[in-house]
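Notes follow once the structure below has been shown.
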Amino acid sequence: MTASPLIELIAREHPAFVHVPLGLVITLPLAMLGSFWSRNPERWTRTAFFIGLVALAGSAVALFSGLMWGRQIALIPGGGYFPVVDSGKQVLQRILQLHELAALSGVLLGSLTVWLLWRAWHRDNQAALGGAPHRRHEGRRFWERGVGIPALAAGLMWVGAWGFCGKLGGVMVFGNEETNKAAAEAVEAKRLDAEAEVPVRALDYASLEPAQAAPFRSKAHGNRWGRIWVTASAIDAYKAGKPLEPGAYAVMSTYEDHGGKPSQDVGPLYFLEIAADGKPKLAFYWPRVPEAQRAEVGGEDFVYWRSPDPHLASCLTCHAKGMAGSR
Ligand code: HEC
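Here is the structure:
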């Protein structure tokens, strides 16, 4: 989870990096146009080819830094490539999906453009070998002059794709009406949400029914010692391994292991609730992460993650269907 300082820098500077390839693709059609009218079309074709090539290479850095940045700010799940959108309120995630699609279409169009430019250059070389060192436009149809109209069209579409991508990037960084409205709604929802800052119900776990008399070692949860606490009306069903009713929830309180025994050092609280649609809603709360363990949680000293936080995606590998079991 923790990245090297260099990767962190590359990620943070994404808004700066992108301007290098973007500036080059904007210049590219100008060089291409030069090849239609200049007395020296080969030179412009070659220039255009190199501008396109550097723009394409620059896009690799831009894509990589964008991906790292998205993961760092948890808009993209760690290890994933694309933001997950499961509610219309996730405006940033929706914009980011489009942003990524536009960036990738730009790379495809860019590869096509560079390939067409390379072909035009190659054709010029062949013409030169054939004894025409300074190819002129005469005898060529207009769209076959210089770099050719297909390359120019692909280059312009490349500008279009990245221009759109850049516009969305600007919206994500500086905001627009829709993102501002979503931010205001999120603030309001947080005000009405009693568990926005701390998981009140999980912290009150001792008011629930313990499923075990003593802590047990849980391999699935960092090898900590844990005890599971379940809402009173659901404890019998839980112990019998039956699916629980919506509204039922369980908390696993944990202690760190010291030499094979549970210690007094309190570990994180794990929370799982059955939502109205029968699906699990999870939370992970670790109010004071000891320094030595911060690497586990991306360097944070306080962690409170709740569904749909992408950090909890790993819980779902075992909890996709809800409670994982009684013991
Ligand atoms: C490797 C599989 C696995 C992963 C990953 C996992 N769990 Fe569990 N979870 C289990 C199992 C198995 C149990 C049953 C108790 C035990 O064996 O630890 C359990 C029990 C629980 C319980 C008690 C209720 C129940 O389901 O029985 C809660 C709450 C819980 N997990 C939350 C979480 C949260 C939150 C995460 C992610 C931070 C998580 N778990 C990650 C497998 C997993």
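Numbering (my numbering), first residue to last: 244 to 570. All C-beta atoms, glycine included, are put in the ideal place defined by N, C-alpha and C. These numbers were taken from a predicted model, which means no experiment stands behind them.
* Would the stretch 384-392 and the stretch 321-340 be scored as touching if the rule is three or more Cβ pairs under 8 Å? -> Contact between the stretch 384-392 and the stretch 321-340 is absent, because fewer than three Cβ pairs lie under 8 Å.
* Asked: Where does Arg570 land, buried or exposed, given buried means 16+ other C-beta within 10 angstroms?
  -> Residue confidence for Arg570 is low, a pLDDT of 48 falling below 50, so the modelled location carries little weight; the figure read from the coordinates is stated next. So Arg570 ends up on the exposed side.
* How many Å lie between Leu273 and Trp361 at the Cα? -> 17 Å
* To do: Examine ligand 1 and report whether any of its heavy atoms sits within less than 6 Å of the Cβ of Tyr498.
  => no
* Alpha carbon of Gly373 to alpha carbon of His365, nearest angstrom -> 12 Å
* Asked: Can you find a heavy atom of ligand 1 that lies under 6 Å from the Cβ of Tyr448?
  -> No, since every heavy atom of ligand 1 falls outside the 6 Å radius drawn around the Cβ of Tyr448.
* **DSSP bridge partner residues for Leu451 (one or two, in chain order)** => Beta-bridge pairing links Leu451 to no other residue.
* Can the beta-carbon of Met495 be found closer than 7 Å to that of Tyr513? -> yes
* **Cβ neighbour criterion (16 or more within 10 Å) applied to His257** => buried
* Asked: Name the DSSP beta bridge partners of Ile517, please?
  -> Pro523
* Asked: Arg274 lies in the alpha helix (DSSP H); which residues open and close that run?
  -> A quick correction: the sequence has Ala, not Arg, at residue 274. Note, Ala274: alpha helix (DSSP H), His262 to Trp280.
* Cβ neighbours of Met244 in the same chain (closer than 8 Å, five flanking residues each side left out) -> Per-residue confidence for Met244 stands at a pLDDT of 45, beneath the threshold of 50, marking its modelled position as unreliable; no derived number is given.
* Would you call the CB atoms of Ile517 and Gly465 closer than 7 Å? -> Annotated as distal: Ile517 and Gly465, with beta-carbon spacing of 7 Å or more.
* Give the single residue among Leu339, Arg314, Val443 and Trp472 whose Cα lies nearest to the Cα of Ala254. => Arg314
* **Beta-carbon proximity list for Ala519, same chain, < 6 Å, skipping 5 on both sides** => Pro489
* Taking the alpha-carbon positions, what's the Thr270 to Trp548 distance? -> 45 Å
* Kindly provide the ranges of any beta strand (DSSP E) runs that are 3 or more residues long and lie completely inside the stretch 295-331, ordered along the chain. => none
* Determine the extent of the alpha helix (DSSP H) in which Val443 is found, giving its start and end residues. => Val443 to Leu446
* Asked: From which residue to which residue does the beta strand (DSSP E) around Thr497 run?
  -> Tyr492 to His501
* Asked: Hey, is Arg388's beta-carbon within less than 7 Å of any beta-carbon in chain D?
  -> Of the protein chains in this structure there is only one, and it is not chain D.
* Are there 16 or more other CB atoms within 10 angstroms of the CB of Leu559, so buried, or fewer, so exposed? -> Under this definition Leu559 is an exposed residue.
* When DSSP labels each residue in this structure, what does Val390 get in the three-state scheme? -> coil
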